[in-house]
Amino acid sequence: MNKYEALFEDEDDIFAGSPLSKYWDISAQLSEDLIKDEFDILIGRMAVMEDLLSKTHNYEDLNQIVKNHAFANPQKIEELKKSLYMELAGQLIYRVAE
């Protein structure tokens, strides 16, 4: 079970929207510098994942490998995206509370 899966059973009742819309609602209320910093953290995370994948796959093929995996596993990817949006929204809230 995905760590946030239980939260998505009835998205409209719990969040009054999807994790995607809630993330953007939260981010719209924050400073541009904070959003840029969080985006930089996200890009850094992607760079690490690309580096890890490049150890077992040809770097030039990574984009196609990612697309193929997303095509072959659409439900799992959607669930992971929801969890990531919730995680990122939580990070934004945490940063504001600091």
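Numbering (the numbering used here), first residue to last: -2 to 95. Using N, Cα and C, we set each Cβ at its ideal position, and we do this for glycine too.
Neighbourhood of residue i by C-beta distance below 7 Å, restricted to the same chain and skipping five residues each side
i          : result
residue 43 : none
residue 67 : 74
Span of the alpha helix (DSSP H) around residue i
i          : result
residue 30 : 29 to 51
Short Cβ contact (8 Å threshold) for residue i with residue j
i          : j          : result
residue 69 : residue 23 : no
residue 39 : residue 89 : no
residue 47 : residue 59 : yes
residue 91 : residue 17 : no
Residue i in three-state terms, based on DSSP
i          : result
residue 88 : helix
residue 69 : helix
residue 13 : coil
residue 26 : coil
residue 60 : helix
residue 75 : helix
Any chain D beta carbon closer than 8 Å to residue i
i          : result
residue 14 : No chain D is part of this structure, which consists of one protein chain only.
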